[in-house]
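Start counting the sequence shown at 40; every next residue gets the next number (our numbering).
Glycine is no exception: its CB is placed at the ideal position from the N, C-alpha and C atoms.
A short worksheet on the structure shown next.
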Amino acid sequence: MVSVFCVLFSFFFLCTHVSSADTISADFTLSGDQTIFSSGGTFKLGFFQPGTSSNFYIGMWYQQLSVQTIVWVANRDKPVSDKKTSVLKMSDGNLVLLDGNNLVWSTGLKSSSAHEAVFQDDGNLVLRDEAGSVLWQSFDHPGDTWLPGAKIRYDKRTKKSQRLTSWKNSEDPSPGLFSVELDESTAYKILWNGSTQYWSSGPWNPQSKLFDSVPEMRLNYIFNYSFFSNATESYFTYSLYNTQNISRLVMDVSGQIKQSSWLNNNNQWNLFWSQPRQQCQVYTYCGSFGICNDKSQPFCQCPHGFRPVSQKDWDLKDYSAGCVRNTELQCSRGEINKFLPLTNVKLPDNLEVWGVMSFSICGSTCLGNCSCIAYAHDESSNRCLMWTKDVLNLQQLEEDYSEGNTFYLRLSASDMPSGSSSSKSNKAMIFGAVLGSLVAIALVLLAVIIMLRYCRRKRTRGEKSDGTL
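Here's what the structure looks like:
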């Protein structure tokens, strides 16, 4: 009887000193396999491992879905290696993650009076003081996912925007190359590396209540979109007409922003819309020297004579590092190079116009310049186009696309495919080089002859003048 009483007393004591299931307070720590649930049981918070990674992160995911879907990560660029020795707790008015005695992540409030963190059922983790005032919330620090009810803001006073930023790859939640933000024109734009814009929603249309470049928003029987603007800020948010539905908007590792809904019958996410619509419209998706093809899987390939810089990254669908040559060019040492023709392609960025000339002379000019790594010839204008820097956004077009170009990529002769059709173009370049040299020699000889004839005439005239005096 005494032992039963002790057990009951111990259970009562623990219950009175442990936070409720959705709250982290001063006397609560989360470690190992421990988790907490949001107030209505929709979300779970705890340590997780993405894919086959050996790293651990504090994150949120849907509790009831068969597929673990992470919607927020606290320490996305600072993983821990052992969840058993790592602790999430309240400390000095902040929510902190410790790895042993080392601070890994913190909410970063100064002179904070927060005494608890409450996990709301909309997926928002909120720090509150004793009066219930919100001092910090995860909705103000989004990762790659935009949940219903959250806002993506543009601060008109500081001229700064909140951003959704993609994961680096499917197993690394650290910030990737792609982000989406709201700008001062009330348009959403997707950026590469925080600077190069490659897609825009267009400004918000207050009459139609949608962004003009996202016509899918007209199908608003699922999502209720709202845009707000005042003197200090602008923000966009959305909600669900049926709160039983599960939906999320993600800045994906593909460089596309995607809105999806969960299908209970199929136990999978169903894509509602994505932008840009075509994968190859994503800026430098395949990296340097990579070829993007919307009709192939995977979308990125390396040209003949090249290989992925990191096969591991490519396996994780991170193609950003691009391709590297199998054999480095040794042009300055007199090595013979050739050109591999890539037909029916959209020419890459960073081109330089080297003047108006024939195809053969264009090729021979590139061959004679060690800094020239590729060339193309515009037949309509006879312009010679050359590339001396990274080859970015090279795209393979469909076979029936009539406006494609031929791109001549410089390779070491040892990397040329056997029986390549490039032999014809290389012969043409040799012929062009010989012809160009002969023309140059002829012009020099002609100039010498003209000069000699001019001097002879001048001397003859001088002699006649001397005879008349």
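**OP:** Report the three-state DSSP secondary structure of Asp138 (helix, strand or coil).
**Re:** Against the sequence shown, residue 138 aligns to sequence position 99. Strand.
Original post:
What's the gap between the Cα of Asp251 and the Cα of Ser240?
Top reply: Here the question's residue 251 lines up with position 212 in the sequence shown. Here the question's residue 240 lines up with position 201 in the sequence shown. Cα atoms of Asp251 and Ser240: separation of roughly 7 Å, rounded to the nearest angstrom.
**OP:** Pull up the distance between the alpha-carbon of Arg533 and that of Met99, whole angstroms please.
**Re:** The chain is shown from 40 up to 508; residue 533 falls before or after that span and cannot be answered.
Original post:
On the three-pair Cβ rule with 8 Å, is the segment 168-177 touching the segment 265-280?
Top reply: no
Subject >> Bounding residues of the alpha helix (DSSP H) (the contiguous stretch that carries Asp291) >> reply: Against the sequence shown, residue 291 aligns to sequence position 252. Where Asp291 is concerned, there is no enclosing alpha helix (DSSP H), given that its DSSP letter is neither H nor E.
Original post:
So what does DSSP say about Gly402, is it helix, strand or coil?
Top reply: Numbered from its first residue, the sequence shown carries residue 402 at position 363. Residue state, collapsed to three classes: helix.
Original post:
What's the C-alpha gap between Thr197 and Tyr227?
Top reply: Stepping through the sequence shown from its first residue, residue 197 is reached at position 158. Stepping through the sequence shown from its first residue, residue 227 is reached at position 188. Distance between the alpha carbons of Thr197 and Tyr227: 18 Å.
Original post:
If Glu391 and Met425 are in contact, beta carbons under 8 Å, what's the gap, nearest whole angstrom?
Top reply: Mapped onto the sequence shown, residue 391 falls at position 352. Mapped onto the sequence shown, residue 425 falls at position 386. Right, the Cβ-Cβ distance comes to about 5 Å (below 8 Å), so this counts as a contact.
Original post:
Are the Cβ atoms of Glu418 and Asn383 separated by less than 8 Å?
Top reply: In the sequence shown, residue 418 corresponds to position 379, counting from 1. In the sequence shown, residue 383 corresponds to position 344, counting from 1. No, Cβ-Cβ distance for Glu418 and Asn383 is not below 8 Å.
**OP:** Reducing DSSP to helix, strand and coil, say where Arg257 ends up.
**Re:** Position 218 of the sequence shown holds residue 257. Reduced to three states, the DSSP call for Arg257 is helix.
Subject >> 6 Å Cβ shell around Val126 - same chain, five flanking residues per side excluded >> reply: As a first step, residue 126 is located in the sequence shown; it is residue number 87 there, counting from the start. Sequence-distant Cβ neighbours of Val126 in its own chain, meaning closer than 6 Å and more than five residues away, are Thr68, Ser70 and Leu137.
Original post:
Within the 8 Å Cβ cut-off, does Phe266 reach chain B?
Top reply: Going by chain labels, chain B is absent from the structure shown, which holds only one protein chain.
**OP:** Could you check the C-alpha separation between Thr404 and Val321 for me, to the nearest Å?
**Re:** Walking along the sequence shown from the start, residue 404 turns up at place 365. Walking along the sequence shown from the start, residue 321 turns up at place 282. Taking the straight line from one Cα to the other gives about 33 Å.
Subject >> Beta-carbon proximity list for Ala60, same chain, < 7 Å, skipping 5 on both sides >> reply: Counting from 1 along the sequence shown, the entry for residue 60 is found at position 21. Listed in chain order, the non-local C-beta contacts of Ala60 below 7 Å within the same chain comprise Ile75 and Phe76, local neighbours out to five positions each way being set aside.
Original post:
Cα separation between Glu220 and Ala65?
Top reply: The residue you call residue 220 lines up with position 181 of the sequence shown. The residue you call residue 65 lines up with position 26 of the sequence shown. The alpha-carbon atoms of Glu220 and Ala65 are separated by roughly 36 Å.
Subject >> For Lys149, three-class secondary structure by DSSP >> reply: As a first step, residue 149 must be located in the sequence shown, where it is residue number 110. Lys149 falls in the coil class under three-state DSSP.
Subject >> Inter-residue spacing [alpha-carbon to alpha-carbon] between Tyr264 and Tyr277 >> reply: On the sequence shown, position 225 is the one that residue 264 refers to. On the sequence shown, position 238 is the one that residue 277 refers to. Taking the straight line joining both Cα atoms gives about 4 Å.
Subject >> Residues of its chain near Ser247, where Cβ-Cβ distance is below 6 Å and the 5 sequence neighbours each way are ignored >> reply: Counting from 1 along the sequence shown, the entry for residue 247 is found at position 208. Result list for Ser247: empty, nothing under 6 Å.
Original post:
Who are the near neighbours of Gln340 in its chain, counting only those whose CB is closer than 6 Å to its CB and skipping five residues on each side?
Top reply: Position 301 of the sequence shown holds residue 340. Ile330, listed in sequence order.
**OP:** Determine contact between the segment 301-318 and the segment 118-134, defined as no fewer than three beta-carbon pairs at a distance below 8 Å.
**Re:** The segment 301-318 makes no contact with the segment 118-134, as fewer than three CB pairs between them are under 8 Å.
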